[in-house]
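One structure is given below, encoded as structure tokens.
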Amino acid sequence: MVVDGVEARASARPASAEELAAALAEAAAEGLAVIPVGGGRALGMGDPPARFDLALYTSRLDRIVDFSPHDLTVTVEAGLPLETLQAELAKARQFLPLDPFGGPGHTVGGLLATGWSGPLRLRYGTARDYLVGLRVALPDGKLARSGGRVVKNVSGYDLNKLHLGALGTLGVIVEASFKLFPKPLHEVTVRREAEGFEEAWREAERALSLAMPPVALALLKADSGYSLVARLAGSEEGVRRIQRELGWARTPFLFWVELAESGSRSWARLAVRPQALAAVLRSLPARARWVAQPGVGVAYWFSLESAGAFRAARVAAEAEGGSAVLLGASTELKREVGAWGSPPATIDLMRKLRAAFDPKCTISPGRYLV
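Residue 65 in numbering that gives the first Met the number 0 sits at position 66 of the sequence shown, and the numbers go up by one each step.
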């Protein structure tokens with residue numbers, strides 16, 4: 000396993016949470032640097048590692064531990080592929096609203112560690128909104144649990160959220176419990192082409208102002224121009240009414256499947272307040288290819304052109320209180336501009352948490368903000 004030009008000296012594929020915790024503790028005791036690996040789809044995220052001794056794979060932790068359709072909850076091991084989980088949930092007409100870019104092949108634990116999400120965030124939020132419990136292996140070999148397996152059991156400090164998007168630096172996620180959602184009774188995907196950005200943005204705002212807005216909305220900028228795609232869900236009568244009100248043409252659902260496979264060797268995520276997204280998009284180069292999520296405030300910029308162009312976009316995003324994070328890039332670009340951008344206001348607290356959970360910086364040293 001190689002991450003940003005740094006090759007691991009060894010690898011481990013534990014078959015249980017206990018084995019993983021033991022391997023992590025042994026590595027910490029020997030002063031080794033560990034990078035957890037799920038599906039490997041997001042290894043391009045983060046700065047180049049300062050050290051990399053052990054690749055710790057979660058692929059053998061792939062069980063559905065508990066699935067209660069009646070309670071709309073599921074508990075799974077972290078190495079379970081998202082597609083495998085969704086297929087099992089679909090048998091009970093339920094689903095987990097995670098639809099990240101850069102698929103297929105994401106594992107549940109990897110998605111939580113990176114904090115990735117997708118277009119369904121517009122309706123359902125991110126994993127932090129439906130994650131109810133975690134089990135995490137700490138560098139001292141302990142297995143810590145926060146939250147519960149069912150929604151009613153969740154009480155006390157919400158430590159779950161500390162691990163979301165932390166790139167495993169506070170511990171390796173080995174198990175997660177989620178609140179689930181029923182599959183919609185009826186779904187339709189519709190599309191509209193636009194003459195330019197301003198027209199596309201006005202149409203996006205119109206779609207979001209509907210009495211029953213889309214559950215997902217994507218504004219695409221490609222070489223061919225601008226287009227909008229919306230996912231409508233609800234009762235058959237309600238969906239038809241909104242479709243008539245929008246007036247967009249029906250398009251195959253396959254669009255969302257193909258969109259989830261989007262990604263490139265060099266790409267970034269821009270995140271700002273929804274009200275500021277249009278201004279940030281206007282700052283991107285005219286030839287840039289991107290997919291934006293109006294109403295959410297997130298855009299994915301593919302095939303980054305240059306360090307200078309990315310710096311300008313980061314300045315625009317940070318001026319609005321947001322961020323521009325590299326999701327994949329050459330080692331040279333990462334060293335030139337940095338994967339994360341300016342430290343957040345909470346950086347001192349983040350350092351204290353890292354020191355408490357991983358005092359030897361065993362997990363992913365150099366890759367995250369702390």
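Every residue gets a Cβ at the ideal spot worked out from N, C-alpha and C, and that includes glycine.
Quick one: Cα of residue i to Cα of residue j, how far?
i: Glu87; j: Val189; result: 27 Å
i: Asp3; j: Ala277; result: 33 Å
i: Leu337; j: Glu319; result: Reading off the sequence shown, one finds Gly at residue 337, where the question assumed Leu. Whole-angstrom Cα-Cα distance: 19 Å.
i: Asp70; j: Val238; result: 27 Å
i: Glu236; j: Pro213; result: 15 Å
i: Gly167; j: Val297; result: 23 Å
i: Ala328; j: Arg243; result: 42 Å
i: Lys178; j: Lys160; result: 15 Å
i: Glu186; j: Ala232; result: 4 Å
i: Glu197; j: Ala20; result: 52 Å
i: Ala11; j: Leu258; result: 33 Å
i: Leu110; j: Leu55; result: 16 Å
i: Met211; j: Asp65; result: 34 Å
i: Arg144; j: Glu192; result: 48 Å
i: Arg205; j: Gly43; result: 36 Å
i: Pro273; j: Glu202; result: 15 Å
i: Ser305; j: Ile63; result: 43 Å
i: Ala14; j: Ile362; result: 19 Å
i: Glu335; j: Leu245; result: 45 Å
Can you list, in chain order, the residues of its chain whose CB lies under 6 Å from that of residue i, leaving out five sequence neighbours each side?
i: Ala32; result: Arg50, Phe51, Asp52 and Pro364
i: Pro103; result: Glu82
i: Gly101; result: Arg40 and Gly262
i: Ala125; result: Going by the sequence as given, residue 125 is Thr instead of Ala. If we look at Thr125 and ignore the five residues flanking it on each side, its Cβ neighbours are Ser116.
i: Ala9; result: Leu53
i: Val290; result: Ala217, Leu219 and Tyr299
i: Val228; result: Arg190, Ala217 and Phe254
i: Ser207; result: Ser is not the amino acid found at residue 207; the sequence shown has Leu there. Excluding positions up to five away in sequence, the list reads Gly294.
i: Trp200; result: Ala277
i: Leu158; result: Ser145
i: Ala275; result: Glu319
i: Ala215; result: Pro118, Leu119, Leu121 and Arg230
i: Pro48; result: Val2, Val5, Gly365 and Arg366
i: Gly127; result: The sequence given here places Arg at residue 127; Gly does not occur at that position. So the list reads Lys160 and Leu163, once near-sequence residues are dropped.
Label residue i either buried or exposed according to how many other C-beta atoms from any shown protein chain fall within 10 Å of its C-beta, with 16 as the threshold for buried.
i: Ile346; result: exposed
i: Pro343; result: exposed
i: Glu331; result: exposed
i: Val314; result: exposed
i: Leu184; result: exposed
i: Leu253; result: exposed
i: Pro251; result: exposed
i: Ser223; result: exposed
i: Arg112; result: The displayed chain sequence assigns Ala, not Arg, to residue 112. So Ala112 counts as buried.
i: Ser302; result: exposed
i: Val1; result: exposed
i: Arg366; result: buried
i: Arg286; result: exposed
i: Gly307; result: exposed
i: Arg230; result: buried
i: Ala89; result: exposed
Examine chain B for any beta-carbon lying closer than 7 Å to the beta-carbon of residue i, and answer yes or no.
i: Leu209; result: No chain B is present in this structure, which holds just one protein chain.
Enumerate in chain order the residues of its own chain whose CB-to-CB distance from residue i is below 8 Å, with the five nearest sequence positions on each side excluded.
i: Ala16; result: Leu60, Glu76, Arg134, Ala136, Leu142, Val173 and Glu174
i: Lys359; result: Ala27, Gly30 and Pro138
i: Leu368; result: Trp339, Pro342, Pro343, Ile346 and Met349
i: Val153; result: The predicted position of Val153 is uncertain, since its pLDDT is 46 and thus under 50; a value taken from the coordinates is nonetheless stated next. Within the same chain, Val153 has close Cβ partners Val131, Gly132, Gly146 and Gly147.
i: Gln85; result: Phe94 and Leu95
i: Ala312; result: Ala267, Leu269, Val279, Ser282, Leu283, Trp300 and Ala323
i: Ala248; result: Val189, Arg190 and Arg191
i: Tyr123; result: Pro96, Tyr129, Phe180 and Val214
i: Glu317; result: Ala323, Gly340 and Ser341
Quick one: grab the DSSP three-state call for residue i.
i: His105; result: coil
i: Trp266; result: strand
i: Gly30; result: coil
i: Arg122; result: helix
i: Lys178; result: strand
i: Ala143; result: strand
i: Asp65; result: strand
i: Gly327; result: strand
i: Phe196; result: helix
i: Phe379; result: Outside the shown range of the chain, which is 0 to 369, sits residue 379, and nothing can be said about it.
i: Arg205; result: helix
i: Glu18; result: helix
i: Arg148; result: coil
i: Glu260; result: coil
i: Thr83; result: helix
i: Pro35; result: strand
Which partner residues does residue i have in the DSSP bridge list?
i: Ala291; result: Leu218 and Ala298
i: Val2; result: Val5
i: Ser226; result: Glu192 and Leu219
By Cβ distance, which residues of its chain are closer than 7 Å to residue i, with the 5 residues on each side in sequence left out?
i: Gly195; result: Tyr225
i: Ser58; result: Arg12 and Gly78
i: Ala221; result: Arg288
i: Pro181; result: Arg92 and Gln93
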